[in-house]
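Comments concern the structure below.
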Amino acid sequence: APQPAPPLPAIVSFSNPFAPRASSKSNGGTYIPGKRCTAYQIDATIPPSLIPYRAGREAAILKNLGMGSGTAKKAFVEDEVNLNNLMQRAVFGSIDAVKSAVGGKEDSNTKSGPNYQSFVFLGANFDDTFTASPEKNAGGTNADAMLAVGLLTDICKPKERNGNTAIGLSFAPQSSQGVLNDYLTSSGSDDDEVERKLVEGLTAVGANADLAERHLPILRFAKKKRCAVLALAPELSDLETVQKGGLQSLDAQRREAYVADPEGFIALTQTPKFKLYTDKSLIKDFRPTDDAAAKGEAAVKAEQGNFFAERILVHESCATAISRWATSRPDSLVVTIAPIPDVRFLGGINGRVPRVCQHLNPDSLVDDVAVTTILMNPSARETLSESRFIRLEIGTAPANWAYQTKIADYLWFSSMPKVNMLPRMMNEQ
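Counting with our numbering, you get residues 285 to 713 for the letters of the sequence shown.
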């Protein structure tokens with residue numbers, strides 16, 4: 285009898301090669317973003333580049349600033365400007381030369397003495413956006429203030445017992461100094477009542493109430509650590525006078541109170557570097573009023589001139605108040621909290637301090653290296669970028685290379701910034 289044919293072999297089923305395997309999924313298929321640093325130093329190459337620092341290096345960097353080391357404004361590696369510049373540094377590791385100056389070990393070149401002071405500027409807009417948003421900070425608000433306290437904790441440690449550390453507040457009118465002093469010396473168990481009186485006192489002399497509330501964590505730190513607090517801003521009535529009629533409309537006696545170096549104040553506005561800063565940064569914040577726009581171009585230009593006068597008066601007034609306090613105290617440190625527009629591109633309050641110090645004390649050793657600027661939680665828009673990337677410099681045209689200025693010395697974030705915010709990054713240190 286015919287034998288039945290053998291059964292056909294089982295059809296082999298092939299799995300979909302494009303289907304994700306369970307073993308290759310992270311956290312059961314939940315996307316986990318890569319970890320990125322929250323502290324970046326801006327190296328003054330052409331164009332500038334970012335040096336990321338691990339969390340373990342941050343405290344050492346800040347303590348060096350507190351010891352008066354300052355921050356170099358020149359590129360760490362003076363290579364010839366060519367396409368191989370960044371590659372040479374990445375391959376040959378010449379960036380290691382800066383480790384001792386930025387947290388690897390104590391800086392042996394730290395200056396000190398009766399004619400030297402150091403300054404740190406913390407730029408913050410207190411807007412709870414981007415890396416400072418509650419969503420990125422476990423629901424917490426006022427991330428800029430909390431980050432400032434964290435930075436201050438490490439910066440102020442080296443001078444904690446010396447009594448020569450001050451925290452400057454650019455939002456506080458100078459007439460509020462008594463209110464701040466009363467808060468620092470107050471005692472009692474009802475902290476809420478003391479802080480309520482502080483905010484009311486600041487608001488009464490023209491300070492913004494919301495900013496006063498947002499600065500409370502910083503003021504609590506100053507009180508706890510017994511740091512002096514400096515009210516730096518011009519009086520609101522004087523600013524309103526300048527906004528309407530320019531600097532010439534302000535009483536001469538009032539101008540003298542704000543401007544210790546009138547010749548330097550005037551000469552600065554004529555320098556090519558300051559003109560570049562004015563065009564590319566300072567004037568960018570000007571917005572004409574509806575009334576001026578309706579009257580035409582001449583009215584807008586007049587209003588823009590008064591805006592320029594008001595901003596440079598604010599910058600000079602704050603720089604003068606900072607320098608007056610510091611120059612009378614050998615080896616002192618002043619950490620100033622100011623809006624990002626007032627310190628970005630190193631041309632605002634921060635850029636004026638060395639000149640004013642040298643005017644007040646001809647033997648002063650304060651130079652631009654003694655002034656360090658840190659932007660806290662900056663967004664691309666706050667650096668005047670027209671893309672998603674943070675803008676790192678002004679003066680990119682070949683004709684302006686001699687005056688090219690980086691946005692700041694450091695960028696510091698409360699939470700990990702998006703990778704598409706960070707241009708030209710070097711290897712992590």
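Built from N, CA and C at the ideal position, the CB exists for glycine as well.
Practice task
For the beta strand (DSSP E) holding Val-655, just list the boundary residues, first then last.
Solution key: Your numbering for residue 655 matches position 371 in the sequence shown. The continuous beta strand (DSSP E) containing Val-655 extends over residues 655–660.
Handout entry: Lys-579 in three-state terms, based on DSSP
Key = Within the sequence shown, numbered from 1, the residue matching residue 579 stands at position 295. Residue state, collapsed to three classes: helix.
Exercise for the section: Classify Gln-401 as buried or exposed, calling it buried when 16 or more other Cβ atoms lie within 10 Å of its own Cβ. Expected result: Walking along the sequence shown from the start, residue 401 turns up at place 117. The residue is buried, with at least 16 neighbouring Cβ atoms inside 10 Å.
Practice task
Would you tell me roughly how many angstroms separate the C-alpha atoms of Thr-469 and Gly-462, rounded to the nearest one?
Solution key: Here the question's residue 469 lines up with position 185 in the sequence shown. Here the question's residue 462 lines up with position 178 in the sequence shown. Approximately 11 angstroms between the Cα atoms of the pair.
Exercise for the section: Whole angstroms is fine: what's the gap from Cys-440's alpha carbon to Gly-529's? Expected result: Indexing the sequence shown from 1 puts residue 440 at position 156. Indexing the sequence shown from 1 puts residue 529 at position 245. Going by the C-alpha atoms only, they are around 41 angstroms apart.
Problem - Endpoints, the beta strand (DSSP E) within which Pro-336 is located - result: Walking along the sequence shown from the start, residue 336 turns up at place 52. Where Pro-336 is concerned, the enclosing beta strand (DSSP E) stretches over 333–337.
Practice task
Report the option in Glu-484, Gln-458, Leu-436 whose CA atom is closest to the CA atom of Ala-450.
Solution key: Stepping through the sequence shown from its first residue, residue 450 is reached at position 166. Closest option to Ala-450, Cα to Cα, is Leu-436.
Problem - Proximity to Asn-645 [Cα-Cα], best of Ala-328, Gly-632, His-499, Pro-398 - result: As a first step, residue 645 must be located in the sequence shown, where it is residue number 361. Ranking Ala-328, Gly-632, His-499, Pro-398 by Cα distance to Asn-645 puts Pro-398 first.
Exercise for the section: Run the CB neighbour count on Arg-571, radius 10 Å, all protein chains shown included, and call it buried at 16 or more, exposed below. Expected result: Counted from its first residue, the sequence shown places residue 571 at position 287. Exposed.
Exercise for the section: Tell me whether Gln-588 sits in a helix, a strand or coil according to DSSP, three-state version. Expected result: As a working note, residue 588 is residue 304 in the sequence shown. Residue state, collapsed to three classes: helix.
Problem - Which listed residue (Trp-685, Ala-683, Met-660, Asn-684) has its alpha carbon closest to that of Ile-674 - result: Reading the sequence shown from its first residue, position 390 is the one you call residue 674. Nearest C-alpha to Ile-674: Met-660.
Handout entry: N- and C-terminal bounds of the beta strand (DSSP E) containing Gly-452
Key = What you label residue 452 is simply residue 168 of the sequence shown in a count that begins at 1. It spans 449–457 - the beta strand (DSSP E) in which Gly-452 sits, taken as one unbroken run.
Problem - Own chain, CB closer than 7 angstroms to Trp-609, minus 5 neighbours either side, in chain order - result: Numbered from 1 along the sequence shown, position 325 holds the residue referred to as residue 609. Result list for Trp-609: Ala-450, Leu-514, Val-618, in chain order.
Practice task
State the Cα-Cα distance for the pair Asn-711 and Cys-321, rounded to the nearest angstrom.
Solution key: Start at 1 with the first residue of the sequence shown, and residue 711 comes out as number 427. Start at 1 with the first residue of the sequence shown, and residue 321 comes out as number 37. The straight-line gap from Cα to Cα measures roughly 11 angstroms.
Exercise for the section: Can you tell me which of the three DSSP states Gln-466 falls into? Expected result: Residue 466 sits at position 182 when you count from the first residue of the sequence shown. Position check: residue 466 holds Asp in this sequence, whereas Gln was assumed. Three-state result, Asp-466: helix.
Practice task
For Ser-402, name the three-state secondary structure that DSSP assigns.
Solution key: In the sequence shown, the residue the question calls residue 402 occupies position 118. Ser-402: strand per DSSP, three-state reduction.
Problem - alpha helix (DSSP H) runs contained entirely in the stretch 497–558, provided each spans 4 or more residues - result: With a minimum length of 4 residues, the continuous alpha helix (DSSP H) runs that stay inside the stretch 497–558 are 500–509, 520–529, 536–542, 546–552.
Exercise for the section: Report the rounded CA-to-CA distance for Ala-429 versus Ala-664, giving the unit in angstroms. Expected result: Taking the sequence shown and counting its residues from 1, one reaches residue 429 at position 145. Taking the sequence shown and counting its residues from 1, one reaches residue 664 at position 380. Each residue's alpha carbon lies about 20 angstroms from the other.
Handout entry: Leu-486 versus Ser-471, Gly-472, Asp-466, Asp-474, residue with shortest Cα-Cα distance
Key = Here residue 486 corresponds to residue number 202 of the sequence shown, with the count starting at 1. Checked all of Ser-471, Gly-472, Asp-466, Asp-474; the closest Cα to Leu-486 is Asp-466.
Practice task
Could you check what DSSP says for Asp-327 in three-state terms: helix, strand or coil?
Solution key: Numbered from its first residue, the sequence shown carries residue 327 at position 43. Of the three classes helix, strand and coil, the one that applies to Asp-327 here is strand, per DSSP.
Practice task
Using the Cα positions of Val-650 and Asn-421, report the straight-line distance between them to the nearest angstrom.
Solution key: For the purposes of this step, residue 650 is identified with residue 366 of the sequence shown, where counting begins at 1. For the purposes of this step, residue 421 is identified with residue 137 of the sequence shown, where counting begins at 1. If you take the alpha carbons of Val-650 and Asn-421, they lie about 37 angstroms apart.
Problem - Collapsed DSSP secondary structure at Thr-689 in the structure displayed - result: Taking the first residue of the sequence shown as 1, we reach residue 689 at position 405. Residue state, collapsed to three classes: strand.
Exercise for the section: Within the stretch 631–681, note down every full beta strand (DSSP E) run reaching 3 residues or more, in order along the chain. Expected result: If we require 3 residues or more, the beta strand (DSSP E) runs fully inside the stretch 631–681 come out as 655–660.
Handout entry: According to DSSP, residues forming a beta bridge with Met-709
Key = Indexing the sequence shown from 1 puts residue 709 at position 425. Answer is Leu-334.
Problem - Cutoff 8 angstroms; reference Val-584; Cβ partners in own chain excluding five residues on either side - result: For the purposes of this step, residue 584 is taken as the residue at position 300 of the sequence shown. Sequence-distant partners of Val-584 (beyond 5 residues in either direction) whose C-beta falls short of 8 angstroms from its own C-beta, in its chain, are Pro-572, Ala-576, Ala-577.
Handout entry: Proximity below 8 angstroms, CB of Ile-658 to CB of Phe-405
Key = Position 374 of the sequence shown holds residue 658. Position 121 of the sequence shown holds residue 405. Their beta carbons are under 8 angstroms apart, which means Ile-658 touches Phe-405 by this criterion.
Problem - Residue environment, Thr-555, which counts as buried when at least 16 other CB atoms sit within 10 Å - result: Locating residue 555 in the sequence shown gives position 271, where the first residue counts as 1. Exposed, since its Cβ has fewer than 16 Cβ neighbours within 10 Å.
Problem - Local Cβ density within 10 Å of Lys-564, reported as buried at 16 or more and exposed below that - result: Taking the first residue of the sequence shown as 1, we reach residue 564 at position 280. Buried.
Practice task
Look at the alpha carbon of Ser-454 and the alpha carbon of Trp-685, and state the distance between them as a whole number of angstroms.
Solution key: Against the sequence shown, residue 454 aligns to sequence position 170. Against the sequence shown, residue 685 aligns to sequence position 401. Taking the straight line from one Cα to the other gives about 31 angstroms.
Practice task
Report yes or no: do the stretch 585–602 and the stretch 611–627 share at least 3 C-beta pairs separated by less than 8 angstroms?
Solution key: Touching, yes, given that three or more Cβ pairs across the two stretches are closer than 8 angstroms.
Exercise for the section: With distances taken Cα to Cα, identify the nearest neighbour of Lys-481 among Leu-464, Gly-490, Ala-681, Asn-492. Expected result: Position 197 of the sequence shown, counted from the first residue, corresponds to residue 481. The option with the nearest alpha carbon to Lys-481 is Leu-464.
Practice task
Would you give the residue range spanned by the alpha helix (DSSP H) that Gly-439 belongs to?
Solution key: For the purposes of this step, residue 439 is taken as residue 155 along the sequence shown, with counting starting at 1. Checking the displayed sequence, the identity of residue 439 turns out to be Ile instead of Gly. Counting along the chain, the alpha helix (DSSP H) containing Ile-439 begins and ends at 427–439.
Handout entry: 8 angstroms Cβ cutoff met for Glu-594 and Val-526
Key = For the purposes of this step, residue 594 is identified with residue 310 of the sequence shown, where counting begins at 1. For the purposes of this step, residue 526 is identified with residue 242 of the sequence shown, where counting begins at 1. Yes, the pair counts as a contact, with Cβ atoms nearer than the cut-off.
Exercise for the section: Spatial neighbours of Met-705 within its chain, please: CB distance less than 7 angstroms, with the 5 preceding and 5 following residues excluded, ordered by chain position. Expected result: As a working note, residue 705 is residue 421 in the sequence shown. The residues are Ala-664, Arg-672, Phe-673, Ile-674.
Exercise for the section: Would you grab the beta carbon distance between Lys-357 and Val-653 for me? Rounded to a whole angstrom, and I think it's under 8 angstroms. Expected result: The sequence position of residue 357 within the sequence shown is 73, counting from 1. The sequence position of residue 653 within the sequence shown is 369, counting from 1. Rounded, the Cβ-Cβ distance is 6 angstroms, consistent with contact.
Handout entry: Sequence-distant residues of the same chain with beta carbon closer than 8 angstroms to Arg-613, five excluded per side
Key = Against the sequence shown, residue 613 aligns to sequence position 329. By the criterion of a C-beta distance shorter than 8 angstroms, Arg-613 is surrounded in its chain by Gln-401, Asn-448, once the five residues flanking it on both sides are discounted.
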